[in-house]
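Protein chains in written order, with the numbering used here: chain A, 1 to 230; chain B, 1001 to 1256.
Heads up, the beta-carbon is just placed ideally off N, CA and C, and yes, glycines get one too.
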Amino acid sequence: MFAILHDYLALFLVGNWPHGPLGGVAITLVISALGLTVSFPIAVAIGLCLVSPCRALRRTAGGWTRLIRGVPLLMLIFWAYFAVPLVVGAQVSAVTTAVCAIIVYESAFLAQIVRAGLEGLPRGQMEAARSNGLSWLQSMRYVQLPQALANMLPSMVNQFVSIIKATSLAYVIGVPELTYSAAQVNTITLTKPLQTFLVLAAFYFVLCFAISRFAGHLERRIARRRAGLA
Amino acid sequence: MTMLAFEKVHKYYGEHHVLKGIDAVIDRGEVVVVCGPSGSGKSTLIRTVTRLEAIQQGRILFETRDVHARDVRLNQLRARIGFVFQSFNLFQNLSVRQNLILGPTKVLGLSRDEALARAETLLAKVGLAHKIDAMPANLSGGQQQRVAIARALAMKPPLMLFDEPTSALDPEMVQEVLHVMRSLADEGLTMIIVTHEMGFAREVSSRVWFMDQGQLLEDAPPARFFSRPAHERAQRFLQDVLRPSPRELAAAHSAA
């Protein structure tokens, strides 16, 4: 096992780069980070719709998130694989396709986190802001969202963990991410599939565990600050 | 000159009839204290003035404009009516300074410097100039409520509403808040105050409203209200709230 790790470390970490496209852990992290950063503002917008006083907006956003959350990510990836080139009218790389699918998928999940964060605030915050003459949008922007987002930070980081695991599905459309690297190693070594995929599991675990610990750390810090100690 | 008028105001929470035909008028410069047993509709009444609660019948006229009319510019209206809550509701993510300048800059369009000058003056007035950089969570209840009053005043509203401003406070902090409110009354600001502080009502108010079960039973100057309330229900209420507590009785006893 350690021999596999030792011999193919570069393949696991960066794929065939610099001779080929960036792959392995590196591209997994790039896809995840890109997915999270782009889906975040979309999720905030959908989340605002979910709590808005306008019923049509609430209904539409609610229907959309329910639809996306009721569909497997793998299906979205397949769907994006065929749909995105049609929409864009040009060839699109597998990585871009995967990122698009993940953005659509994650923004629906994050939107529900945003909604929960906003609904979890004391009602008096909104009442005070509106009584001060602020519009609904201003009150969201200056008072509620900053509080909700600070409270949501740990959930967001945990969502990042789930995105990292979800990127393994991009393997099926040929994105050279971490799982793809493992499959490559497996083809080369041929006789050691159990060990190879155990190494793969270890990579995912180390990544996700580290990030979860970071989320836990954030959570404790926020709790301390709320208690007025920091 | 009439500042606020209630005309046959009715409100229902589903089947529950919370306000049963309120008719009343408040002139500029008046300080009206609203009292009554809990659940009598006092808080609901003042919350309808800024449309924090809807009404089902009647009209509320603020400066002759119908508050609940469909075409009213709600945010402009609210900017002209200050509201102080029982639970302070300072913006938790913002410092005292930012709490005070948010409304003036975003709603009234003041420059940051103008808003800041206004904030400093008001904080000095409520005795909290040294807390301008503090976060709400690090202030005592009494301090938070005084900041909340300053935040409402920063909009320069001609009318201020107070919804049980001292009910959530420890006893030793009640006076500091009442002191600020008393000075506002002395300056001639028009105020409606829902409170159980009967001593304050007697000294500061120009009129006392007594509410029970959604009705405005009594509307009288404090001298008359406290000496000879017209309604039997108000007499009983006054006996209950003015009856000295066991501790006061014991203190009086040992003194004698």
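Contact annotation: in the segment 209–220 of chain A, no residue has its CB less than 7 Å from a CB in chain B.
Between residue 1018 of chain B and residue 1011 of chain B a beta carbon distance of about 5 Å is seen, short of the 8 Å cut, so the two are scored as contacting.
Residue 177 of chain A carries a strand assignment under DSSP once its states are collapsed to helix, strand and coil.
For a Cβ distance threshold of 9 Å, nothing in chain B lies close to residue 159 of chain A: the least Cβ distance comes to about 22 Å. Short of 6 Å from the beta carbon of residue 1162 of chain B, and not among the five residues preceding or following it, lie these beta carbons of its own chain, in chain order: 1084, 1193. Considered as a whole, the segment 121–150 of chain A harbours no complete run of any beta strand (DSSP E) with no fewer than 3 residues. For the 8 Å CB-CB criterion, residue 1055 of chain B and residue 1048 of chain B form a contact.
The contact set of residue 1043 of chain B on chain A, defined by CB atoms closer than 8 Å, is empty, because the minimum CB distance reaches about 12 Å. A contact between stretches requires three or more CB pairs, one per stretch, nearer than 8 Å, and the segment 1195–1212 of chain B meets this requirement with the segment 1166–1184 of chain B. In chain order, 1116, 1119, 1132, 1133 place their CB closer than 8 Å to the CB of residue 1097 of chain B, counting only its own chain and leaving out the 5 sequence neighbours on each side.
Taking C-beta atoms as the reference points, residue 1191 of chain B and residue 1142 of chain B fail to come closer than 8 Å. Following the DSSP letters along the chain, one finds residue 79 of chain A inside the alpha helix (DSSP H) bounded by residues 73–88. In chain order, 4, 196 place their CB closer than 7 Å to the CB of residue 189 of chain A, counting only its own chain and leaving out the 5 sequence neighbours on each side. Bridge pairing for residue 1193 of chain B: B/1033, B/1162 [DSSP]. Secondary structure at residue 1008 of chain B: strand, using DSSP grouped into helix, strand and coil.
By alpha-carbon distance to residue 1203 of chain B, the top candidate from B/1183, B/1212, B/1210, B/1211 is B/1183. DSSP places residue 1071 of chain B outside both helix and strand once states are collapsed to three, so it counts as coil. At the C-beta level, residue 9 of chain A and residue 181 of chain A stay beyond 8 Å of one another.
With fewer than 16 other beta carbons inside 10 angstroms of its own, residue 89 of chain A counts as exposed.
Per DSSP, residue 192 of chain A is not a residue of any alpha helix (DSSP H), being assigned neither H nor E. At least one beta carbon of chain A lies nearer than 8 Å to the beta carbon of residue 1092 of chain B. One finds nothing in chain B with a Cβ atom closer than 7 Å to the Cβ of residue 70 of chain A; even the nearest lies about 34 Å away. Taking a Cβ-Cβ threshold of 7 Å, the residues of chain A close to residue 1083 of chain B are 131, in chain order. Among the residues of chain B, those whose CB is under 9 Å from the CB of residue 143 of chain A are 1091, 1092, 1093, 1094, 1102, following chain order. At a cut-off of 8 Å between beta carbons, residue 1173 of chain B makes no contact with chain A. Look at residue 24 of chain A here: in three-state DSSP terms it is helix. Among the residues of chain A, those whose CB is under 8 Å from the CB of residue 1079 of chain B are 132, 133, following chain order.
Scanning chain A for C-beta atoms nearer than 9 Å to the C-beta of residue 1052 of chain B yields 127, 130, 131, reported in chain order. Between the segment 50–61 of chain A and the segment 78–88 of chain A there are fewer than three C-beta pairs closer than 8 Å, too few to call the two in contact.
Below the 7 Å Cβ cutoff, chain B contributes 1085, 1087, 1089 as neighbours of residue 124 of chain A, in chain order.
Straight across, the Cα-Cα distance linking residue 1233 of chain B with residue 1067 of chain B is about 31 Å. Nearest neighbour of residue 1127 of chain B by Cα position, chosen from B/1106, B/1150, B/1137, turns out to be B/1150. If you draw a straight line from the Cα of residue 1222 of chain B to the Cα of residue 1187 of chain B, it comes to about 19 Å. Along the length of the segment 1036–1067 of chain B, whole beta strand (DSSP E) runs at least 3 residues long occupy 1057–1062, reported in chain order. The distance from the Cβ of residue 1216 of chain B to that of residue 1022 of chain B is about 5 Å, consistent with a contact at the 8 Å cut-off. Between residue 222 of chain A and residue 153 of chain A the beta-carbon gap is near 7 Å, inside 8 Å, which marks them as a contact.
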